[in-house]
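Protein chains in written order, with this note's numbering: chain A, 1 to 266; chain B, 267 to 529; chain C, 530 to 777; chain D, 778 to 1105.
Even for Gly, the Cβ is constructed at its ideal location relative to N, Cα and C.
Below is one structure; the comments refer to it alone.
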Amino acid sequence: MANDKNAGSGKLGTFGYNALALSIFILLWTIVSWISESLFLPTPWTVLKSFLDLCTYGDVEGISLGMHIFKSTLRIFAGFVAACILGIPLGILMGLYPRVYDSTKSVIEPIRFIPPVAWIPLVIVLLVGFSRYAFIIWLGAFFPIFIGTLLSVRSVNPTHIDVPRSFGAKRLYIIRKIVIPSTLPDIFTGMRVGMGIGWDCIMAAEMIGGENEGLGVMILKYAELIRIEDIMVGMIVIGAIGFFINEIFIFVERRVFKWKEAIVIS
Amino acid sequence: MTNNYAEKMKTMGLNFFTLAMVLVLWTLIAYWQKSPFFATPYDIVLGFVQMVTVGDVEGYRLWSHMLHSLVRVSAGFAAACLVGIPGGLLLGLYPKIYDRTRILVEPIRFISPIAWIPMAIVLLVGFSRYIFVIWVASFFPIFVSTLWSVRQVNAVYVNVARVAGASRLFIIRKIIFPSILPSVIGGMRISLGISWMCIVAAEMIGGQMVGIGRLILKSAMVTRMDLVVVGMISIGFVGYATNELIIFIEKRIFRWRAAVSIE
Amino acid sequence: MAGRKVKIEVRNLSKHFDDLIVLHQMDFDIYEGEFLCVVGPTGCGKTTFCNVVTGLLPITEGSITMGGEKIDFKKHNVSFVFQEPSCIPWRTIWDDVKIGLEIRKVPKKEINERVSAILDLTGLTEFKDFYPSQISAGMKQRVVIARSFVTEPDLLLMDEPFGQLDSSTRFYIENQLIKVWQKTKRTIIFVTHNLEEAVYLSERILVCTQKPTGIKEEVIVDLPHPRDITDREFVKIRNRVTDLVKWW
Amino acid sequence: MKKRWLLFTVVLSFVFVMGFQPTVGSAEMKKIHFGYLVADQIHNFASMIIKEKKLFKAEGLEVEWGEYLAGAYVMQHLAAGEVDFATCGVIPTMITRGRGVDVVVIAGSNTEGSSIIVKESIKTVKDLDGAKIGTPGIGSIQDAMVDIVARKHNIKIIHKHMSVPDMPIYLKKGEIDGFIAWSPHNTKAAALGYGHILLTSHDILPGHQCCVLVTRGELIRKEPETVKKVMRAYMKAFQYEMASKKNHDETLEMVVKYTNAPKEVVVKAWALTPHPYPPYLNIESAKFQAEGLLKGGKIKRGVITNMDKFIAQLYHPYFLLDYLRNMK
Chain A
1 MANDKNAGSG KLGTFGYNAL ALSIFILLWT IVSWISESLF LPTPWTVLKS
51 FLDLCTYGDV EGISLGMHIF KSTLRIFAGF VAACILGIPL GILMGLYPRV
101 YDSTKSVIEP IRFIPPVAWI PLVIVLLVGF SRYAFIIWLG AFFPIFIGTL
151 LSVRSVNPTH IDVPRSFGAK RLYIIRKIVI PSTLPDIFTG MRVGMGIGWD
201 CIMAAEMIGG ENEGLGVMIL KYAELIRIED IMVGMIVIGA IGFFINEIFI
251 FVERRVFKWK EAIVIS
Chain B
267 MTNNYAEKMK TMGLNFFTLA MVLVLWTLIA YWQKSPFFAT PYDIVLGFVQ
317 MVTVGDVEGY RLWSHMLHSL VRVSAGFAAA CLVGIPGGLL LGLYPKIYDR
367 TRILVEPIRF ISPIAWIPMA IVLLVGFSRY IFVIWVASFF PIFVSTLWSV
417 RQVNAVYVNV ARVAGASRLF IIRKIIFPSI LPSVIGGMRI SLGISWMCIV
467 AAEMIGGQMV GIGRLILKSA MVTRMDLVVV GMISIGFVGY ATNELIIFIE
517 KRIFRWRAAV SIE
Chain C
530 MAGRKVKIEV RNLSKHFDDL IVLHQMDFDI YEGEFLCVVG PTGCGKTTFC
580 NVVTGLLPIT EGSITMGGEK IDFKKHNVSF VFQEPSCIPW RTIWDDVKIG
630 LEIRKVPKKE INERVSAILD LTGLTEFKDF YPSQISAGMK QRVVIARSFV
680 TEPDLLLMDE PFGQLDSSTR FYIENQLIKV WQKTKRTIIF VTHNLEEAVY
730 LSERILVCTQ KPTGIKEEVI VDLPHPRDIT DREFVKIRNR VTDLVKWW
Chain D
778 MKKRWLLFTV VLSFVFVMGF QPTVGSAEMK KIHFGYLVAD QIHNFASMII
828 KEKKLFKAEG LEVEWGEYLA GAYVMQHLAA GEVDFATCGV IPTMITRGRG
878 VDVVVIAGSN TEGSSIIVKE SIKTVKDLDG AKIGTPGIGS IQDAMVDIVA
928 RKHNIKIIHK HMSVPDMPIY LKKGEIDGFI AWSPHNTKAA ALGYGHILLT
978 SHDILPGHQC CVLVTRGELI RKEPETVKKV MRAYMKAFQY EMASKKNHDE
1028 TLEMVVKYTN APKEVVVKAW ALTPHPYPPY LNIESAKFQA EGLLKGGKIK
1078 RGVITNMDKF IAQLYHPYFL LDYLRNMK
């Protein structure tokens, strides 16, 4: 409230403090794992070593970490794109015709609350190969995108629609030039949230089995061998990639939608 | 009024129609599949009746599975609230702390609860594992929505109290808290949905005989697909019902608000 | 004017935002029980002026003292009517009006008496259980005025409080404000860009310059209330102020 | 306003209290936590009989049963000190032992009992070259057996890890060429006509150890009496099944109930799964398997320096021998 100064010097400071927080965390972790001497709480250095081993030699089956990352990212991407392709048009459609959404709510809404893992048995029977993974990720990413679009269309400022209408604009024109641009920031936010949840679902998707590559598969593999340090590598990589993708989305959001006064990050 | 009523009936009718369409579609797929790994709607109804009257192999009935899961979810969700709301409030009031530790806090959000399970098993014990796994999943929506709503409290309201000589505590209690409450409850609703969705993940932990997630996993192991679907529908229904209930309560409590969003 | 007791002394007041100088070396006094208007061209930093006077924003240079002390909300009884709508949305009209008394821990019985009295005076009694979202903009502004007067402040700052109201509502509330002021004799600093409003309400007008804002001139309005906007004297003063504000 | 807050707090605290209700147990009886795998009753029928016939209660033990999805989960719980006794595969046990966790085998359960099911076009073992074979995961004996087949016949087999109940679907859809699974999933798929049995585990590793009874080393040292009681119940379950044809049939019925597999499938699967009595651990087989784990990097190199010593630490037959001695 009363802080108008040091807005310029804040940037570097924030970055520095983050680095500091990270080092303190690693230090604490090291100390705790030294004190506890537990087999299941490896030190950061063991984890780092596992990371390097996974990069150079690969896992027990000789599959490198890069391959795992690549496969998982590919699956996420496919599911996410499918969610966008289906969620955005459907959201705009159902936002423009609320009747459609209201009439199908009893089917659509409960599906939202069925956990992705629970779908696996059905997915294995009904789908095949890669589409199974895409489906599970899609399940996670679809709803934020769909609901975000739907609500945004519903809340388009009526004045903005009336302006072109008073000039005699066609329905299609209004949708193209008013509805879509004004919902775009919300759609983008929905996409970001959807991407986050998609990452959350990667473990669920990779429990499907039948493939030996993927970050989730790697974690499950090492869970069988009770190697916590390798599991941690998997977790950290998943967390870090998700974080960076999210940051990129936020960055783009801030750039593209400058006209929006404030962007809520959630 | 009558018009409104007719409208409601129509919407309900259309909902039933959609539901019927889904059932027909399901039956068609089942006949096309003709697989012991895909249950027909008839099997599912039988499975549901069995779960209600007799129970599963161990004799645990559906409500018992539900109850155990609900207890786990409630505990995890309560833990998420207990940490998330004060934490969000604190970091919202001192945004610098959040900005400076982001790199630690944020990546955790993207690690799925299932990935935590092996560590939760070896490092924690008993019931606390369920709390932890559900907490990990449901903490962030509530934390982030609290944090951001604190940042967005209209400065005028704070100034009104400040000019009148209010203490910091008064401002937090009487200005900040009421004004973030809608977002906090909204965050809690999303959290509750997510924690309920995590129940299958949490119950992968094992060692327990009951739980709705357990029912799904166990039935999948012995190819009782009808029970898998019964479990899925139960979870979906309970999640949907709680969500609608909280929306209803929200609309009641926050009469002063112009509109409550449905998401 | 001379001979009245000085309430607030402003000396050499400056306020900078980084390199931007908003207020530049302002010097003036405010007298006890005075109705002072501050006018100036758009964007000249009137809101900053209000925030600085009350101490919501820190001062870069100079001093503002009230009875020889720095203004402190916990010690001095100050009220502020903000430019933007400031009714607290989750409180009913009654609860909203009483917030200042609640903060000062006034006994419950006295709160009830004082709030009832001020609601009567502002004509809000029958709306006391309404939420702000249920009443009109003009009524909300009346709530804010009632809220500011109920604490019987030593100093009341009003920052373009009637900016968003239509003219008939504005006149109505202006008259009510004068009524309340005459009855309670509080010190009021009223910031506005509406010159007619300033002449209509105040005893004295401070005319500000364009940024960096300083004081161009003081205009004394020595007319009895209620004033007539078509009166020759009134028109004369209004034209004078208009000339002073012109920056082109 | 006040009331609303009160209600809110009450609801929240209720939820919280509900969540933290401790599990109450009676003080008189010794309580143990016994873990077993879901739908693994053909390999580990003993735990099922103990449960159905309440054999632990007869020994004065109160038991909390725990179902687990895989041996790895059981092991993680054993390592956390939560499970006291469990029946599961010997491979996960050795992997866990190799991590330095004090888990101990006190008896065997079954040998063999797995088989490789393949699609019709694969007729001989040589046809497996380049085939995709589903296995239950790298920590399982089945996965190790596929490696053994490949090595023996000098062919290359692609492993695909998946959950065992899903294997028949993958086979039917042609996503894999075959799979290796334990009973009754192997015979089940064969009965459904999805494939045929190419090799049984008897063909691959005759008499290989499969499942075992495991406990924590700490219990052996601190509570030998409890271990004795568990062993007695375990042995009585074996004897019950062997006692008569009627008892054997009853056991088969139980398996049918627990695994949801048709009777004929269970009968076939049972025939493929020997339960040697007395249930000693097949030490030679265990050694062989441990070496395989070392070679595959599943136990980190350098952990086992002396194989005999490793097996001696792993296998603790005292209670089994003690029971047999006292029986006479």
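Close-in-space but distant-in-sequence residues of the same chain around residue i (CB under 6 Å, 5 per side omitted)
i, result
"Ala884 (chain D)", "Leu990, Pro1056 and Leu1097"
"His545 (chain C)", "Thr589"
"Leu328 (chain B)", "Met317 and Val318"
"Lys71 (chain A)", "Glu213 and Gly214"
"Lys775 (chain C)", "none"
Span separating the alpha-carbon of residue i from that of residue j
i, j, result
"Phe594 (chain C)", "Ile537 (chain C)", "First, the amino acid is wrong: residue 594 (chain C) is Thr here, not Phe. When rounded, the distance between both Cα atoms is 6 Å."
"Thr306 (chain B)", "Ala296 (chain B)", "5 Å"
"Val709 (chain C)", "Leu650 (chain C)", "8 Å"
"Pro98 (chain A)", "Gly87 (chain A)", "15 Å"
"Trp199 (chain A)", "Ala134 (chain A)", "12 Å"
"Asp920 (chain D)", "Ile827 (chain D)", "30 Å"
"Arg255 (chain A)", "Asp186 (chain A)", "14 Å"
"Ile377 (chain B)", "Gly239 (chain A)", "5 Å"
"Ile380 (chain B)", "Thr73 (chain A)", "18 Å"
"Ile178 (chain A)", "Gly234 (chain A)", "44 Å"
"Gly916 (chain D)", "Gln1066 (chain D)", "11 Å"
"Lys903 (chain D)", "Val895 (chain D)", "12 Å"
Cβ-Cβ separation, residue j to residue i (assumed contact under 8 Å), whole Å
i, j, result
"Thr742 (chain C)", "Phe578 (chain C)", "7 Å"
"Lys221 (chain A)", "Asp53 (chain A)", "Lys221 (chain A) to Asp53 (chain A), Cβ: 14 Å. No contact."
"Pro614 (chain C)", "Lys669 (chain C)", "6 Å"
"Trp292 (chain B)", "Ala345 (chain B)", "Going by Cβ atoms, the distance from Trp292 (chain B) to Ala345 (chain B) rounds to 38 Å, so no, they are not a contact pair."
"Leu552 (chain C)", "Ser543 (chain C)", "6 Å"
"Val388 (chain B)", "Ala857 (chain D)", "5 Å"
Close-in-space but distant-in-sequence residues of the same chain around residue i (CB under 8 Å, 5 per side omitted)
i, result
"Glu516 (chain B)", "Pro448, Ile451, Gly452, Arg455 and Val526"
"Glu563 (chain C)", "Arg533, Lys536, Thr716, Ile717, Glu732 and Arg733"
"Leu41 (chain A)", "Val32, Ser33 and Ile228"
Proximal residues of chain D, C-beta to C-beta of residue i below 7 Å
i, result
"Leu483 (chain B)", "Leu846"
"Val315 (chain B)", "Chain D residues near Val315 (chain B): none, gap ~17 Å exceeds 7 Å."
"Ala486 (chain B)", "Pro942"
Under 8 Å from the C-beta of residue i: neighbouring residues of chain B
i, result
"Glu859 (chain D)", "Val391, Gly392 and Gly473"
"Lys834 (chain D)", "Going along chain B, no residue has its Cβ under 8 Å from Lys834 (chain D), so there is no contact; the nearest lies around 17 Å."
Contact list for residue i against chain A, beta-carbon separation under 7 Å
i, result
"Asp943 (chain D)", "Ile124 and Gly209"
"Gly459 (chain B)", "Phe113"
Beta-carbon contacts of residue i that lie in its chain and below 7 Å, excluding the five residues immediately before and after
i, result
"Met491 (chain B)", "Phe303, Phe304 and Ala305"
"Leu752 (chain C)", "Glu762 and Phe763"
"Lys1064 (chain D)", "Met1084 and Ile1088"
Contacts of residue i in chain D (Cβ-Cβ under 9 Å)
i, result
"Ala134 (chain A)", "Under the 9 Å cutoff, chain D gives no residues; its nearest Cβ is about 15 Å from Ala134 (chain A)."
Contact list for residue i against chain G, beta-carbon separation under 8 Å
i, result
"Val494 (chain B)", "Included in the structure are the protein chains A, B, C and D, with no chain G among them."
Amino acids of chain A, ordered along the chain, whose beta-carbon sits closer than 9 Å to that of residue i
i, result
"Tyr813 (chain D)", "Those within 9 Å of Tyr813 (chain D) in chain A number zero; the least Cβ separation is about 18 Å."
Chain B residues whose Cβ lies nearer than 7 Å to that of residue i
i, result
"Thr680 (chain C)", "Ala430"
>> Using a Cβ-Cβ cutoff of 7 Å, what residues of the segment 613-625 of chain C are near chain B? List them in chain order.
In response: Glu613, Ser615, Ile617, Pro618 and Trp619
> Of all the residues that make up the segment 561-594 of chain C, which are near chain B by a beta-carbon distance shorter than 8 Å?
Replying inline: Thr583 and Leu585
>> Beta carbons nearer than 9 Å to chain A: which residues of the segment 1062-1073 of chain D have them?
In response: Gly1073
>> Along the segment 428-439 of chain B, where does the CB come closer than 9 Å to a CB of chain C? Name the residues.
In response: Arg428, Val429, Ala430, Gly431, Ala432, Ser433 and Phe436
> Of all the residues that make up the segment 218-242 of chain A, which are near chain D by a beta-carbon distance shorter than 7 Å?
Replying inline: Lys221, Ala223, Glu224, Leu225 and Ile226
> Using a Cβ cut-off of 7 Å, which residues of the segment 10-33 of chain A contact any Cβ in chain B, in chain order?
Replying inline: Thr14, Tyr17, Asn18, Ala21, Leu22 and Phe25
>> Please list, in chain order, the residues of the segment 853-878 of chain D that have any C-beta partner in chain A closer than 9 Å.
In response: Gln853, Ala856, Ala857, Pro869, Ile872, Thr873, Gly875, Arg876, Gly877 and Val878
> Of all the residues that make up the segment 630-648 of chain C, which are near chain B by a beta-carbon distance shorter than 7 Å?
Replying inline: Ile632 and Arg633
>> Closer than 7 Å between beta carbons: that is the criterion. Which residues of the segment 1012-1045 of chain D meet it against chain B?
In response: Lys1034, Tyr1035, Thr1036 and Asn1037
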